[in-house]
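Protein chains: 2
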Amino acid sequence: MSNLTKWLEDKLLALNVTDTMARPDGFTRLSFTKEEKAAHIQFEQIAAELGLKTYQDQAGNCWAVWEVDPSASTIAMGSHLDTVDCGGGYDGVAGVLTALTAVKGLQDIGFHPIKNIAVICFIAEESARFGVSTIGSKAITGQLKLKEMEAIKDRNGIKMKQAMTDYGLDWESIEAAVLSLDSLESFIELHIEQGMELQETGAEIGIVKGIACPVRLVITAKGMANHTGTTRMHQRQDAFVAIAPLVNFVQEEALKVNEKSEVPLVATVSTIRLHPNAMNVIPGEVELGIDIRSVDDRLKRDFAENIRTFVSELEVKKQIRIGVKTLVDNDSVKMDNIMHAKLTQASKTIGYETLSMNSGAGHDVMNMAANWPAGLIFIPCKDGLSHHPREFASIESLEKGTKVMMTFLQQEAGEPI
Amino acid sequence: MSNLTKWLEDKLLALNVTDTMARPDGFTRLSFTKEEKAAHIQFEQIAAELGLKTYQDQAGNCWAVWEVDPSASTIAMGSHLDTVDCGGGYDGVAGVLTALTAVKGLQDIGFHPIKNIAVICFIAEESARFGVSTIGSKAITGQLKLKEMEAIKDRNGIKMKQAMTDYGLDWESIEAAVLSLDSLESFIELHIEQGMELQETGAEIGIVKGIACPVRLVITAKGMANHTGTTRMHQRQDAFVAIAPLVNFVQEEALKVNEKSEVPLVATVSTIRLHPNAMNVIPGEVELGIDIRSVDDRLKRDFAENIRTFVSELEVKKQIRIGVKTLVDNDSVKMDNIMHAKLTQASKTIGYETLSMNSGAGHDVMNMAANWPAGLIFIPCKDGLSHHPREFASIESLEKGTKVMMTFLQQEAGEPI
């Protein structure tokens, strides 16, 4: 299979619009930017090489279809090409690359599918730019709340509507990207694990059972801005001093929960906005963003409740108003049992050490799973590092993932024996 | 003196370019913006009403001179009209307003000075936009390091050179604003206290002995950015979790120092930059800005040393690299003893309860004091609140401040008896 190795190496670079994967600042392709567009253009070119029919839907997702019979059903695969700031070249890319490579591999061995096979390159999966994730797959599955999104701004004050329009989309038509349930038969996504379970257990392939969706809280502490030089220590209402203990509380409480619980939980104070954030002004207002995840929904909600209790105590103790807002609270998503079994079987048939596991991160497949039987394949990534310039998955792992997808497609879209 | 009361009320609004002082969002006139320019234009108009000669120097400071004899010496007064974001309408304005009003008051009583009297409206006193303070008075006194400032950017990426050029200044000529030592005889500034000592002691006027200049540190903690959903709690190198205890350490240590020391010290973690500051990424890098002030230079330097020690301990304990950089470390500035005595006498002569005190905040007078005998008059501001929309000083206090300045000028620039 050395022709696939070379192809994977080449197309990994192409989809990342780069000539080397060793980039100190990693890759920055934020949603609806010209950088994301440039990657989509690479996707279309590779698809064209494979003789696939390509088009962009109303939401900006790129499709490449190996169409054998318009009246036959369609099996879809895919992931995304956008990244966070200074992210890695595998998160998202791995899924798009292996889907295209699976098609290439099947063509190379002369496979003739009896169903259509589609590769979807979802737009705007990462929440890095607008705080909203998986926009493309939400659009396809009718889960997009476009009205609520219209006014959301990025860090430069650009509204999402403007960004999508600038990308070449017609705001009024975006919701028309939604697919009827009979458009697809099933969907699979391959993704780098972004964790250390595969590496630690030595498994080569992970087949995901459930995806932990986050509870996200925004905590706002309001003190009193004042001059740092003239306001005595005992006369202050410093919002940062008041709320800072929460950062360590979240870390320590999460460690405690994991000592007791078999199902893991993670919790992070990942964002802060300090007002006015000036050297000579006491922080008058602080906003913290907290991300809490576990496939055990009760565990994560109890944790959020713990935070609320701690914050109420801080409010009394520090004499500062603190508000808690729930930004996101979704149930965890279970992958389809039958798809899980089929993918596990495909992986084991080839002889790969296969692990049934959960995902701590959300992916486009979450949205797809609401409408179609869906499966998620994990490949290892070095030291679990992701959203980071040193994110890394080996070509060997990408090839193994590709083979699982090929085997699955042969079973699902092959001539009945 | 009711004509001065009305004048103060009117010109307070004029210099703030507003028709009401009750503005929920306060005043935002950042350095070198059209908002600062608009206030300077008001200054020139009021000065013209008083028949003063006005001009803008090469650095953008506005001058209004009651010129009686070009060969006579000049006594100067002044402050600034720029503000922080959402600041108050008295910080800076009070000094410019009372200086103009002192001239008006002297004209009204038919006073004929034998020396020239200048009112200076300094440009860009606040560090809110570029992190550099008192640019105008630094220019006049030859303390401006223009080369170092050229590339400093504001939050919108605009370089200081660009901002000054857009303001109408000629970059190459700015340093020519420096004055020879014989240009002025002395300088006084009036400012709101921005603290609570006058209010607490019931004093009507404060005469400042020394100004506490800050030690400013930047602390950088470098952990490892990673996905919040997939990185187990015990596998993390969260830079925010590592450095957060410093926020409360600074507050608690400063409280302790004040219990032991007669000279007060203030210390504040006032800025933060979290990278990447995204909901789904563990903070990989955190930068904290700390502002430490005391007129006792040893006290503030010992405090900075304490922070270094604590941070070294954190580094070992949390296994995260933490760097400490000294951004600013200037000696405190002593006001001229003779000027202090003269202003104190002027205030007591009128019968005001007068307090000899220190300033926790820096002002343009710090720079002026390096070249000329200089004095600083404080008037009370409500609850010490400053850099805040609810900053407030009464017209009565402004009038008392004006009278102190008038008395001083009568003594210094009157006909010898």
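So the sequence lines, in the order shown, correspond to chains Z and G.
Okay, so the first sequence: first residue is 1 according to this note's numbering, each after it adds one.
Okay, so the second sequence: first residue is 1001 according to this note's numbering, each after it adds one.
A virtual CB, placed ideally from N, CA and C, is assigned to each residue, including glycine.
Simplified DSSP state of residue i, which is helix, strand or coil
{"i": "E1415(G)", "result": "coil"}
{"i": "R298(Z)", "result": "helix"}
{"i": "M1001(G)", "result": "In this predicted model, M1001(G) has a pLDDT of only 49, less than 50, meaning its place in the structure is not dependable enough to derive any value."}
{"i": "W372(Z)", "result": "coil"}
{"i": "F111(Z)", "result": "coil"}
{"i": "L1052(G)", "result": "coil"}
{"i": "S186(Z)", "result": "strand"}
{"i": "N358(Z)", "result": "strand"}
{"i": "F1122(G)", "result": "strand"}
{"i": "S1462(G)", "result": "Nothing about residue 1462(G) can be reported from this structure: the residues present for chain G run from 1001 to 1417 only."}
{"i": "G1087(G)", "result": "strand"}
{"i": "M405(Z)", "result": "helix"}
{"i": "L1398(G)", "result": "helix"}
{"i": "T1309(G)", "result": "helix"}
{"i": "A1064(G)", "result": "strand"}
{"i": "V1093(G)", "result": "helix"}
Chain Z contact for residue i (CB, 9 Å cutoff)
{"i": "G1401(G)", "result": "no"}
{"i": "E1036(G)", "result": "no"}
{"i": "L1265(G)", "result": "yes"}
{"i": "D1182(G)", "result": "no"}
{"i": "M1001(G)", "result": "Residue confidence for M1001(G) is low, a pLDDT of 49 falling below 50, so the modelled location carries little weight; the figure read from the coordinates is stated next. So, not an interface residue."}
{"i": "A1163(G)", "result": "no"}
{"i": "L1385(G)", "result": "yes"}
{"i": "D1302(G)", "result": "no"}
{"i": "A1393(G)", "result": "no"}
{"i": "P1024(G)", "result": "no"}
{"i": "T1134(G)", "result": "no"}
{"i": "R1216(G)", "result": "yes"}
{"i": "L1255(G)", "result": "yes"}
{"i": "G1418(G)", "result": "This structure gives no information on residue 1418(G), because the portion of chain G shown stretches from 1001 to 1417."}
{"i": "V1093(G)", "result": "no"}
Start-to-end residues for the beta strand (DSSP E) that takes in residue i
{"i": "I205(Z)", "result": "I205 to I211"}
{"i": "I75(Z)", "result": "T74 to H80"}
{"i": "E1287(G)", "result": "E1285 to R1293"}
{"i": "I1174(G)", "result": "Neither: I1174(G) is in no beta strand (DSSP E) and is coded neither H nor E."}
{"i": "K382(Z)", "result": "Taken as a continuous stretch (DSSP letters only), K382(Z) belongs to no beta strand (DSSP E), as it is neither H nor E."}
{"i": "L217(Z)", "result": "V215 to K222"}
{"i": "T1326(G)", "result": "R1321 to D1329"}
Test: residue i CB closer than 9 Å to a CB of chain G
{"i": "L81(Z)", "result": "no"}
{"i": "T268(Z)", "result": "yes"}
{"i": "D238(Z)", "result": "yes"}
{"i": "E204(Z)", "result": "no"}
{"i": "G414(Z)", "result": "no"}
{"i": "A278(Z)", "result": "yes"}
{"i": "N61(Z)", "result": "no"}
{"i": "E305(Z)", "result": "no"}
Nearest to residue i (by Cα), restricted to the options the options
{"i": "A1221(G)", "options": "I1322(G), D1238(G), T1268(G) and T1134(G)", "result": "I1322(G)"}
{"i": "W1007(G)", "options": "L1144(G), E1262(G), T1402(G) and M1160(G)", "result": "T1402(G)"}
{"i": "R1232(G)", "options": "V266(Z), M224(Z) and A239(Z)", "result": "V266(Z)"}
{"i": "N306(Z)", "options": "Q319(Z), I292(Z) and V316(Z)", "result": "I292(Z)"}
{"i": "Y352(Z)", "options": "P24(Z), K159(Z), I379(Z) and G362(Z)", "result": "I379(Z)"}
{"i": "K420(Z)", "options": "V241(Z), E287(Z), V263(Z) and M405(Z)", "result": "The structure shown has nothing for residue 420(Z), since chain Z only spans 1 to 417."}
{"i": "G131(Z)", "options": "M405(Z), E148(Z) and I120(Z)", "result": "E148(Z)"}
{"i": "G1362(G)", "options": "A1244(G), L1015(G), G1210(G) and V1316(G)", "result": "G1210(G)"}
{"i": "S332(Z)", "options": "V365(Z), V295(Z) and E315(Z)", "result": "V295(Z)"}
{"i": "M1368(G)", "options": "T1141(G), I1041(G) and V1404(G)", "result": "T1141(G)"}
{"i": "T1271(G)", "options": "E1259(G), V1281(G), V1286(G) and P1264(G)", "result": "V1286(G)"}
{"i": "E1067(G)", "options": "A1059(G), V1103(G) and Y1090(G)", "result": "V1103(G)"}
Boundaries of the alpha helix (DSSP H) in which residue i is found, first to last residue
{"i": "S482(Z)", "result": "Residue 482(Z) lies beyond the range of chain Z shown here (1 to 417); nothing can be said about it."}
{"i": "S1347(G)", "result": "N1337 to I1350"}
{"i": "E148(Z)", "result": "L146 to M149"}
{"i": "L1255(G)", "result": "P1245 to K1260"}
{"i": "T165(Z)", "result": "M160 to D166"}
With a cut-off of 8 Å, do at least 3 Cβ pairs link the segment 97 to 117 of chain Z to the segment 391 to 411 of chain Z? yes
Could you tell me whether the segment 304 to 316 of chain Z touches the segment 1290 to 1309 of chain G, where touching means 3 or more Cβ pairs closer than 8 Å? no
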